[in-house]
Structures are given as C-alpha cells and as structure tokens.
Amino acid sequence: MSKLPRKIIIDTDPGQDDAIAILLALASPEDIKVLGITAVAGNVPLELTAKNARIVCELAGRPDIPVFAGCDAPLCRPLVTAEHVHGKTGLDGPALPEPQMPLQDLHGVDFIIDTLRREPSGSVTLCPLGPLTNIATAFDRAPDIVERVQEIVLMGGAYFEVGNITPAAEFNIYVDPEAADTVMKSGIRITMMPLDVTHKALVTRPRNEAFRALNTPVGRAVAEMTDFFERFDREKYGSDGAPLHDPTVIAHLIAPRLFSGRFVNVEIETGSELTRGMTVTDWWRVTEREPNAMFIGDLDAERFFALLTERLARLPLPPAG
Ligand code: BDR
Ligand code: CA
Numbered sequence: 000m001s002k003l004p005r006k007i008i009i010d011t012d013p014g015q016d017d018a019i020a021i022l023l024a025l026a027s028p029e030d031i032k033v034l035g036i037t038a039v040a041g042n043v044p045l046e047l048t049a050k051n052a053r054i055v056c057e058l059a060g061r062p063d064i065p066v067f068a069g070c071d072a073p074l075c076r077p078l079v080t081a082e083h084v085h086g087k088t089g090l091d092g093p094a095l096p097e098p099q100m101p102l103q104d105l106h107g108v109d110f111i112i113d114t115l116r117r118e119p120s121g122s123v124t125l126c127p128l129g130p131l132t133n134i135a136t137a138f139d140r141a142p143d144i145v146e147r148v149q150e151i152v153l154m155g156g157a158y159f160e161v162g163n164i165t166p167a168a169e170f171n172i173y174v175d176p177e178a179a180d181t182v183m184k185s186g187i188r189i190t191m192m193p194l195d196v197t198h199k200a201l202v203t204r205p206r207n208e209a210f211r212a213l214n215t216p217v218g219r220a221v222a223e224m225t226d227f228f229e230r231f232d233r234e235k236y237g238s239d240g241a242p243l244h245d246p247t248v249i250a251h252l253i254a255p256r257l258f259s260g261r262f263v264n265v266e267i268e269t270g271s272e273l274t275r276g277m278t279v280t281d282w283w284r285v286t287e288r289e290p291n292a293m294f295i296g297d298l299d300a301e302r303f304f305a306l307l308t309e310r311l312a313r314l315p316l317p318p319a320g
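Counted from 1, the sequence shown has number 3 at position 4 by numbering that gives the first Met the number 0; the numbering is strictly sequential.
So this is what it looks like as structure tokens:
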C-alpha cells in the first residue's frame with residue numbers, strides 16, 4: 000500500500016532559500032501535500048514575504064496554493080530584517096514577474112488555527128522557515144490546537160556553529176526569541192535544522208551548475224538565487240558556497256535517512272542582551288533537563304543535492320488528474 004503524502008503548512012519569510020524549500024515541497028506531491036503557505040515578517044517585511052511566496056508558487060506552476068499574510072512584527076520586539084543577505088526584495092537574483100494570484104483574505108494565524116481544528120488530530124505538520132511569530136501567536140490564541148500538531152520541523156538555531164546574526168544567535172530565533180521559546184516549550188514533537196547542519200548543505204559551483212543545467216525556468220531561477228546569496232556567504236564564511244538552510248526542512252520530510260542528530264534539550268535565551276536568541280543545546284546531556292527536540296547535526300550533502308536537483312527538474316508539474 001502506498002503511503003499518503005504528509006500534510007504540511009509552510010510558514011515562511013522568502014528569502015531565496017525559503018523559495019527553494021517551497022519549490023522542493025511543490026515538486027514532491029507523492030511525499031508532501033502543501034495545505035497552505037503562511038508568510039511572516041523576517042528576511043524582509045511582511046508585504047514582501049507575502050508577495051514572494053506567491054511569486055514562487057507561480058514559478059512552480061501552482062497558483063492554486065493558498066497564501067496568507069501573517070504577523071508583521073515579532074511578539075514584543077521591533078523587526079530585524081536581513082536585506083544584507085537576501086537583497087532589497089528578499090528574492091534578489093532572478094527577474095521574476097509580479098504575482099497574479101491573490102493573497103487570501105484570512106490572516107495566516109487564523110489559517111493555522113482553522114486548519115489544525117479542521118484536519119484530523121495528529122495529521123498536520125508545521126514547517127516554519129522563518130521567525131516563529133505566526134506559530135507562537137496561533138498557540139497562544141488557540142491552545143487547543145497544540146496537541147493536534149503532528150510534528151514541527153523547523154529551520155532555526157545553532158549550537159557548535161554559534162550565530163549568523165550575532166555571535167551567539169541564528170537569525171530566525173534571534174528575530175523572535177519569545178516566539179521560539181513558546182514553540183520549544185509546547186511539548187510538540189520538534190525536529191530542528193540548525194546552522195550545524197545547514198552549513199554542511201553548501202551550494203558549490205558544480206551544484207549551482209547542475210541547477211542551471213536543468214535549463215528550465217525553475218532551474219535557471221534557482222541557480223540565479225543561489226548565485227545571489229553566495230556572494231555574501233562566501234565572503235562571510237570563506238566556504239565553498241552558500242548554505243541552503245530552509246530546503247533541509249522539506250528534504251527531511253521526504254528523506255529523513257539523509258540526516259542524523261540527537262534528541263536533546265534545547266532552551267531559548269530571551270533575557271541576555273549579549274546572547275539573546277541563543278539556542279542552548281544540551282548536546283552532551285550534562286543536565287537533567289527533559290529532551291524536547293531532535294537537533295540535527297549532519298546530512299549526506301551529496302544525496303541531499305541529488306534529491307533537490309531531481310525534484311526541481313520536475314517543475315512545473317502537469318496539472319493533477
Ligand atoms: C535563516 O535565516 C534566513 O535568512 C534564512 O531564510 C533561513 O531561514 C538562516 O539563519
Ligand atoms: Ca527563511
């Protein structure tokens with residue numbers, strides 16, 4: 000018997016790597032059913048992330064995917080953005096047309112709440128790829144949905160790789176640490192993709208060329224997106240290419256065996272000015288604190304990029320039925 004695709008909500012702040020994560024999900028209908036995409040303020044302000052999510056759905060040939068705008072600022076702090084990485088639009092690199100598909104009227108947080116209440120309990124996975132504001136707001140407003148979530152697979156945090164926005168913190172967690180704290184304390188099964196693993200998913204020159212060689216609008220756009228943010232990451236890390244953070248979340252849903260990690264305790268620093276947003280991870284299990292997350296530390300990068308390139312080659316998919 001073939002297994003049913005896993006139902007997910009993608010919560011996102013596109014961002015080139017968010018865009019590639021969305022494309023990977025939409026290219027994988029046998030594994031994943033995208034119920035909707037909720038945009039959040041993060042890499043760029045909400046107006047742009049909500050627009051970019053629609054640009055990406057249209058690039059994938061899926062204008063039928065409902066896209067919702069969620070929260071425009073963190074729970075209790077001013078928004079910090081990352082145009083220095085992603086460019087002014089958040090999706091700098093390829094020239095992509097303005098979206099024609101509408102933004103849904105419903106608020107993204109209401110979509111998350113309604114969907115979790117409507118779908119059978121334990122059947123919907125949340126995939127946050129940006130700050131956790133929408134997710135925490137939904138849990139706060141509708142505590143009954145928490146136990147209905149199947150799993151949260153998120154990109155955020157860092158431990159041995161320390162920080163990319165401050166010396167101690169990864170961007171998604173830093174932007175809204177109070178929201179991250181709510182999520183980490185929710186009791187839901189959580190799988191985390193921290194910088195420790197995403198910094199091993201590097202778009203080297205041959206991997207970038209493999210996207211371009213698909214010779215499709217999607218392949219070219221992805222090559223141009225990764226070209227764009229490579230400039231920044233190469234200078235910053237002196238590495239072989241840009242880390243492809245967010246697609247690791249979707250790849251983990253499709254092929255969890257490509258990844259390895261440890262089920263450990265992760266706490267969020269919300270107080271200290273110096274280390275705010277740090278994900279304090281008990282990797283060596285030196286405390287009695289209860290494990291609350293599968294903290295992924297490694298991946299098979301060759302197979303990850305092979306999977307990604309093979310799936311992107313499918314887009315746009317022919318209409319279903
Ligand atoms: C995360 O921050 C954003 O810039 C990326 O889209 C990714 O979600 C990496 O720290
Ligand atoms: Ca992101």
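We put the beta carbon where it would ideally sit given N, CA and C, even for glycine. These figures come from a predicted structure and were not determined experimentally.
Cβ-Cβ separation between Q15 and H83: approximately 13 Å, too far for a contact (criterion under 8 Å). Residue range L194 to T197 is occupied by the alpha helix (DSSP H) that includes D195. Here D17 is not near L153, since their CB atoms are 8 Å or more apart. For the pair of segments examined, the region 194-206 was found not to touch the region 63-79: the number of CB pairs separated by less than 8 Å stays below three.
Inter-residue distance for P77 and N133 is about 15 Å (C-alpha atoms, whole angstroms). The C-beta distance from T190 to L243 rounds to 17 Å, too long to meet the 8 Å contact threshold.
The DSSP-derived three-state label of A209 is helix. Two segments are said to touch when three or more pairs of C-beta atoms, one from each, lie closer than 8 Å; by this definition the region 133-152 touches the region 100-108. The C-beta distance from I31 to P98 rounds to 22 Å, too long to fall under 8 Å, and the pair is not in contact. For ligand 1, the residues with a Cβ under 6 Å from any of its heavy atoms are, in chain order, G14, D16, D17, N42, A81, V84, L128, G129, M154, N163, E169, F170, N171, H244 and D245. Closest option to M293, judged by alpha-carbon separation, among L311, P317, F262 and L306: F262.
In this chain, the alpha helix (DSSP H) harbouring M183 covers P176 to M183. Judged by DSSP in its simplified three-state form, I151 adopts strand. Note on geometry: alpha-carbon atoms of P166 and G35 lie some 34 Å from one another.
Residue pairing by DSSP puts T278 in a beta bridge opposite I267.
Between the region 172-183 and the region 269-286 there are three or more inter-stretch CB-CB distances shorter than 8 Å, so the stretches are counted as touching.
Using a Cβ-Cβ distance cut-off of 8 Å, the region 253-269 and the region 289-303 are in contact, since at least three pairs of beta carbons, one from each stretch, lie closer than that value. DSSP, read as helix, strand or coil, puts I164 in coil. Excluding five sequence positions before and after R116, the CB atoms of its chain that fall closer than 8 Å to its own CB belong to A141, D143, I144 and R147, given in chain order.
Assignment of T37 by DSSP, reduced to helix, strand and coil, places it in the strand class.
The closest CA to that of S122, considering only M100, L95, L102 and I151, is found on I151. Within the same chain, P127, L131, I134, A135, F138, I151, L153 and I189 come within 8 Å of V182 by CB-CB distance, once the 5 residues on both sides are set aside.
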